[in-house]
Amino acid sequence: MKLEVRSPDPIGEAAYQRIAEIVIAESGASGLIDEMKVYIDTEEPVTIVYVKYRGAERRRTLKELATIEAEEGGVRVAMEDELFAVEALRELWRAFGRSAVEQISRLEFFVYGAKPEDVEKVEVQVAPVAIEEIVGEVVHQILPEGFRVRKFIHGQGMLTVVASEDPIQSKWLEMAERLAKGETP
Amino acid sequence: MTVYKYFLFEGGHYKQEELTEFVEDVGGYVLQRNIIGVDLILQIAIPEEEVENLVYVVRHVVKGKIKEAPLVGSEIAVVSPTVTRHHLPHPTCDIAEYLRRFGAKTYIIGLARGVGIKNAHITAEEKRIIEEFDIAVFVLGNFLSCLKRKAELLADFQIPVVVTGAPEVEEFPNARAYVGGIGRIVERFRTGDMIAKLDKLVETVGRVLDEKRRELEADPPAAPPVMVKAEIEKQIPEIEDILSPYPVTLKLDGVRIKLPYDEYADKIKQVVVGGRRLYEVAEVVKSRLHNYILVKLLPESMVGTAI
Numbered sequence: 001m002k003l004e005v006r007s008p009d010p011i012g013e014a015a016y017q018r019i020a021e022i023v024i025a026e027s028g029a030s031g032l033i034d035e036m037k038v039y040i041d042t043e044e045p046v047t048i049v050y051v052k053y054r055g056a057e058r059r060r061t062l063k064e065l066a067t068i069e070a071e072e073g074g075v076r077v078a079m080e081d082e083l084f085a086v087e088a089l090r091e092l093w094r095a096f097g098r099s100a101v102e103q104i105s106r107l108e109f110f111v112y113g114a115k116p117e118d119v120e121k122v123e124v125q126v127a128p129v130a131i132e133e134i135v136g137e138v139v140h141q142i143l144p145e146g147f148r149v150r151k152f153i154h155g156q157g158m159l160t161v162v163a164s165e166d167p168i169q170s171k172w173l174e175m176a177e178r179l180a181k182g183e184t185p
Numbered sequence: 001m002t003v004y005k006y007f008l009f010e011g012g013h014y015k016q017e018e019l020t021e022f023v024e025d026v027g028g029y030v031l032q033r034n035i036i037g038v039d040l041i042l043q044i045a046i047p048e049e050e051v052e053n054l055v056y057v058v059r060h061v062v063k064g065k066i067k068e069a070p071l072v073g074s075e076i077a078v079v080s081p082t083v084t085r086h087h088l089p090h091p092t093c094d095i096a097e098y099l100r101r102f103g104a105k106t107y108i109i110g111l112a113r114g115v116g117i118k119n120a121h122i123t124a125e126e127k128r129i130i131e132e133f134d135i136a137v138f139v140l141g142n143f144l145s146c147l148k149r150k151a152e153l154l155a156d157f158q159i160p161v162v163v164t165g166a167p168e169v170e171e172f173p174n175a176r177a178y179v180g181g182i183g184r185i186v187e188r189f190r191t192g193d194m195i196a197k198l199d200k201l202v203e204t205v206g207r208v209l210d211e212k213r214r215e216l217e218a219d220p221p222a223a224p225p226v227m228v229k230a231e232i233e234k235q236i237p238e239i240e241d242i243l244s245p246y247p248v249t250l251k252l253d254g255v256r257i258k259l260p261y262d263e264y265a266d267k268i269k270q271v272v273v274g275g276r277r278l279y280e281v282a283e284v285v286k287s288r289l290h291n292y293i294l295v296k297l298l299p300e301s302m303v304g305t306a307i
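These protein sequence lines are chains D and P, in that order. Take 1 as the starting number for the first sequence in this note's numbering and just add one per residue. Take 1 as the starting number for the second sequence in this note's numbering and just add one per residue.
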């Protein structure tokens with residue numbers, strides 16, 4: 001993960017570098033975040049956090065998420081993690097129709113008339129909302145608490161937050177764009 | 001008036017009666033007794049002229065350890081911009097806990113709207129609550145420009161204020177002292193250099209308290225707060241039923257009693273200290289914290305003679 005904190009105040013910059021490192025490490029999000037850039041200027045006053053994170057639209061096959069066994073009359077699917085069970089059921093309904101899929105327990109489905117190789121190929125979206133929530137919480141912990149006026153810019157696997165105690169100015173949004181591109185804000 | 005010095009004793013239970021008897025015989029007080037496993041920790045107040053004898057008794061008779069603890073007998077407000085995860089438990093709780101290790105009684109106070117730069121402010125009520133304490137430690141952040149704006153919050157405080165923040169500066173407006181290197185952090189103080197910063201804070205707070213004690217000596221309280229504490233504990237049996245820690249908390253110029261004001265104020269006013277009723281030598285008022293009772297001793301010049 002690449003982390004970069006910039007500020008006109010070198011002491012504040014060093015302090016926030018440490019804050020960001022610890023918040024990310026303690027949140028367990030270091031595996032989710034590819035890149036984070038933080039810019040803090042208390043004279044403006046503005047703080048911009050740009051995060052590029054992975055797995056936002058990640059899709060995994062049922063082969064990766066469940067135990068799939070052929071049985072008489074169909075296929076039994078046993079999910080390994082409850083987190084993906086709802087999404088998996090939705091995808092099975094979409095692929096085989098509601099009448100062909102029966103939920104036999106909290107984590108188990110039976111797909112009538114299907115072959116294991118067809119069921120294994122079904123793709124499930126891996127809880128993108130949960131990942132966004134984790135990243136959002138990390139950003140919230142890093143931002144100075146007093147900067148409560150916030151503009152969130154969401155993108156594909158990307159979140160930019162512009163925070164201040166004043167109404168957000170267009171020049172700060174331009175600074176955020178430059179920060180995201182790797183230029184000097 | 002007797003000038004007291006404060007000490008922390010650490011040792012075993014062995015011969016502890018000899019130590020407590022010595023302290024009482026020379027007119028001192030055992031302010032607090034903590035037993036942790038087989039260790040005994042005592043906070044002791046002793047007349048200045050008996051310090052050498054106390055050190056002799058501890059080292060040669062009781063075989064324990066003793067160190068001077070300038071924070072004993074003080075009540076300190078550790079003030080944070082808020083009480084959210086941004087400021088708690090680190091560094092605010094770490095600071096409060098570390099000051100306690102040196103004998104201070106600390107309260108953490110979070111301001112309602114202390115965050116931000118231009119938006120940060122402190123209400124008159126918050127100021128009055130903080131001014132009930134002997135000294136306030138304001139835990140501020142990492143940016144110098146932000147700290148300078150927040151210095152305005154500290155104007156007109158009637159008690160000494162110590163400020164902590166990340167930048168290293170010599171002086172801080174409206175504060176008696178400033179300790180750098182302690183700003184907004186999100187980790188425990190665990191490394192040697194971080195603990196050294198806390199030690200510097202303890203030293204600074206101790207120095208400011210000593211200054212305040214010297215200021216008080218010019219016209220000292222009519223009775224030593226340690227004596228008032230002892231008399232209240234003797235004469236008000238309900239003190240023993242209080243579940244809060246340190247039911248009678250020492251302050252530099254009085255005590256805080258953790259009993260409801262409306263019910264007990266009249267009883268407290270009638271406590272006899274050195275032959276005089278407490279209401280004659282002190283103001284007994286309602287605290288803004290939990291309806292407690294605050295006893296603020298009047299200076300000698302107002303009472304006539306010292307007790």
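Note that beta-carbon positions come from the ideal geometry of N, C-alpha and C, so glycine has one too.
When secondary structure is reduced to three states using DSSP, residue 41 of chain D falls in the strand class. In the DSSP assignment, residue 91 of chain D falls within the alpha helix (DSSP H) that extends over 85-96.
At a cut-off of 9 Å between beta-carbon atoms, residue 118 of chain D makes no contact with chain P.
Per DSSP, reduced to three states, the secondary structure at residue 45 of chain P is strand. One Cα belongs to residue 304 of chain P, the other to residue 281 of chain P, and the distance between them is close to 9 Å. Between residue 129 of chain P and residue 159 of chain P, the C-beta gap is not smaller than 9 Å, which leaves the two residues out of contact. Sequence-distant Cβ neighbours of residue 144 of chain P in its own chain, meaning closer than 6 Å and more than five residues away, are 167. A distance below 9 Å separates the beta carbons of residue 87 of chain P and residue 145 of chain D.
The Cβ of residue 144 of chain P sits closer than 9 Å to at least one Cβ of chain D. One alpha carbon belongs to residue 44 of chain P, the other to residue 39 of chain D, and they sit about 51 Å apart. Check the Cα spacing between residue 157 of chain P and each of P:171, P:138 and P:142: the tightest is with P:138. Under DSSP, residue 71 of chain D forms a beta bridge with D:74. Under the Cβ criterion of 9 Å, residue 169 of chain D is not counted among the residues facing chain P. Across the set P:221, P:233 and P:258, the C-alpha of P:221 shows the shortest separation from the C-alpha of residue 2 of chain P. Counting only Cβ-Cβ distances below 9 Å, residue 116 of chain P has contacts in chain D at 45, 144, 145, 146, 147, 148 and 165, in chain order. For the pair residue 111 of chain D and residue 119 of chain D, the CB atoms are nearer than the 9 Å cut-off. Restricting attention to D:81, D:137 and D:105, the CA atom closest to the CA of residue 25 of chain D is found in D:137. Taking 7 Å as the Cβ-Cβ cut-off, the stretch 8-34 of chain P has no residue approaching chain D. Looking at the DSSP output, residue 123 of chain D bridges to D:61.
Following the DSSP letters along the chain, one finds residue 80 of chain P inside the beta strand (DSSP E) bounded by residues 75-80. Of the residues assessed, residue 270 of chain P falls on the exposed side of the cut-off, its CB having fewer than 16 other CB atoms within 10 angstroms.
One finds 85, 86 and 186 in chain P with Cβ atoms closer than 9 Å to the Cβ of residue 141 of chain D, taken in chain order.
Considering only P:60, P:133 and P:81, the residue with the shortest C-alpha distance to residue 151 of chain P is P:81. For the stretch 154-180 of chain P, the set of positions with a beta-carbon nearer than 7 Å to some beta-carbon of chain D reads 166 and 167 in chain order.
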